[in-house]
Amino acid sequence: MSAFAQVAEYSAKHPKPSDITFEYGTAGFRTIGETLESTVFRAGLLAALRSQSKHGQVIGVMITASHNHERDNGVKLVDSMGEMLQQSWEGYCTDIANASSDSQVVDILASIAQLEGIDMSIRPKVAYARDTRPSGPLLQAALEDGLAALDVEATNFGIVTTPQLHYFVRCLNTANSPSPYGEPTESGYNTKYGQAFLRLVDGKPLPSTLHIDAANGVGAPQVRKLADAIGSPYFNIEVNNGDTDTLGKLNIDCGADYVKSNQRSPVGTTLVPSGRYCSFDGDADRIVYYYADDHGIFHLLDGDKISTLVATYLRDLVAAAGVTDLQVGVVQTAYANGSSTSYIKDTLRLPTVFAKTGVKHLHHEAEKMSIGAYFEANGHGTVLFNPCAVEKLQAVRPATPAQADAINRLWALRDLINESVGDAMSDMLLVETILICKGWTLEQWDAAYTDLPSRLLKVVVNDRNIFKTTDAEQKLTSPLGLQGVVDSLVAKFPKGRSFVRPSGTEDAVRVYAEAATRSDCDQLAYAVAGAVF
Ligand code: NG1
Ligand code: ZN
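Under the numbering used here, the letters of the sequence shown match residues 1 to 533, in that order.
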């Protein structure tokens, strides 16, 4: 009997809407939740094949639309080390999502199996989870049909954050290796990160309550469990916007994307000077911090501020550990504030590179560094320790207690960081650790450099596909002549910088601008947007 014998019958239960073309974009498929049934069913089929192509390793499937509207949903595959799906498979995902009939679904599966030389006798393994969206149960049922159609050994992790699923996948696939990543359960996650935090802060509690805006998403119940695992009095938090039961609240006027885009505090949160605040996004893979100064002015500590804080701390620890040939580097995107890039290069004197938008691109660049910190300005990122860096650290024989302490701290930091993907909860523990160790307030952290005024605009155009870019998306190659117009506008403003790129997650074009003053920045942004429209 063919391995695909049952696929057509199951597929018939989840017909593709004929009027929609799906695309596996920056973060998988994303659109109105109810329209994604066929896509999620088919993503399950592909996850099975991907698992077989990886000799039966576990592949993850996450159902979420992150910071997007509650009516939206999405699905993405997680590769065997917990990283984003290998790029060469994204095309397969798009192909199968757009197959117009059940028999075509089967044909595409057969052709992928042949192209990839897949041994269909291997039993596939898939781990899956979803966020709190109302369309989640419907899409989960479609996924389960896809997994059943290929007799997958499936594990349902329930309602967890996106980074938790990435963590589980990595744990499952390293369980029998010399360096298992951790226990693939919620409590294993909380224990691993919680214990590493306690080791690093050496018994010191948070300086004051951390107010967490959880975007009314899955981060709310999960961060409460993490805080319980760490225990009182070490981790005193208050969760705001933690209502996952009331329809219509997810990501509305709250969450990391809202706070970053609007440069203001979320609904229901009145900032008190000296108060400490952070926001997660809807699936808790992004985090930004913020505070009000003594005059009540809002200040944002975004992904750039997090990466500079983390890179400084790691650089100093590596120096204290006496490892001379170990370089800490930083990966940013074009959205990084120009002040942060100058600060990394000129003050920290660390190498920095630009990658295309989307964490998978940053992740690949960070893998090339000894210790690579990567963050998108929107607060999505993490730190990677290259295996060569790990070997170098293992080889050090500390000559002084200070050196031994620095090495121990680097190991503990590695345990604190979710290396599989950017993770709001793990990043929050990392930031808190560094602030406690330095004895810093948010204001002191913020003092490193001052952001240039910036503006991000979304322009809805007839066809975003005509916009093509190069140089880590900083220059347009199409439509012809438009980059010249952007350049001439930029030249008019001191410290001006602007770029145009098509969004990978929305049907729109994004315009970014920064300049020396708020008024120049806004003039530049709207002038460029006018040229695009
Ligand atoms: P697009 O829609 O391609 O700009 C957005 C974010 C990315 C990334 C993805 C995935 C901005 C400007 N863009 O991508 O950084 O996080 O979503 O969620 O924030
Ligand atoms: Zn997210």
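Glycine residues also receive a C-beta, built at the ideal position from the N, C-alpha and C atoms.
Taking all protein chains shown into account, do 16 or more other C-beta atoms lie within 10 angstroms of the C-beta of residue i, making it buried, or fewer, making it exposed?
| i | result |
| --- | --- |
| N241 | buried |
| C254 | buried |
| I535 | One cannot answer for residue 535 here, as it falls past the ends of the chain, which runs 1 to 533. |
| E83 | buried |
| F533 | exposed |
| I30 | The sequence given here places Arg at residue 30; Ile does not occur at that position. Buried is the call here. |
| H55 | exposed |
| P273 | exposed |
| T319 | Reading off the sequence shown, one finds Ala at residue 319, where the question assumed Thr. Exposed. |
| T333 | buried |
| D102 | buried |
| K260 | buried |
| K192 | buried |
| K16 | buried |
| N216 | buried |
| T505 | buried |
| T555 | Residue 555 is absent from the structure shown; the chain starts at 1 and stops at 533. |
| L326 | buried |
If you check the beta carbons only, do residue i and residue j fall under 8 Å apart?
| i | j | result |
| --- | --- | --- |
| A529 | C521 | no |
| D304 | S340 | yes |
| D281 | A256 | yes |
| A196 | D423 | no |
| T35 | I59 | no |
| T382 | V330 | no |
| Y335 | A373 | no |
| V126 | A48 | yes |
| T433 | L200 | yes |
| L410 | L393 | yes |
| G91 | A27 | no |
| L489 | Q483 | no |
| D302 | P266 | no |
| L172 | A129 | no |
| S478 | F467 | yes |
| L309 | V431 | yes |
| D285 | T132 | no |
| Y277 | T270 | no |
| L45 | V7 | yes |
| R510 | L456 | yes |
| H380 | N251 | no |
Compute every distance between the C-beta of residue i and the non-hydrogen atoms of the ligand ZN, then say whether any falls below 7 Å.
| i | result |
| --- | --- |
| S66 | yes |
| D253 | no |
| G282 | yes |
| D285 | yes |
| T162 | yes |
Could you pull the DSSP bridge partners for residue i from this structure?
| i | result |
| --- | --- |
| D213 | N240 and S279 |
| T155 | A127 |
| K204 | None, per the DSSP bridge assignment. |
| Q332 | F354 |
| F29 | V75 |
| T312 | Beta-bridge pairing links T312 to no other residue. |
| P502 | V509 |
| T470 | K475 |
| Y290 | Y277 and L300 |
| E514 | S454 and R497 |
| M84 | V78 |
| T382 | Y374 |
| V105 | DSSP output for V105 lists no bridge partner at all. |
| I63 | V75 and R130 |
Any chance the CB of residue i is under 7 Å from a heavy atom of the ligand NG1?
| i | result |
| --- | --- |
| N378 | yes |
| S503 | yes |
| E365 | no |
| A335 | Note on identity: in this sequence residue 335 is Tyr, with Ala being the wrong assignment. True, at least one ligand heavy atom lies under 7 Å from that Cβ. |
| G338 | no |
| T382 | no |
| T357 | yes |
| L300 | no |
| A552 | With the chain represented from 1 up to 533, any question about residue 552 goes unanswered, as that position is not in the structure. |
| R510 | yes |
| L413 | no |
| E473 | no |
| E90 | no |
| E391 | no |
| E506 | yes |
| L476 | no |
| L456 | yes |
If you measure from the beta carbon of residue i to each beta carbon in chain D, is any gap under 8 Å?
| i | result |
| --- | --- |
| D243 | Although the question refers to chain D, the structure presented lacks it and comprises just one protein chain. |
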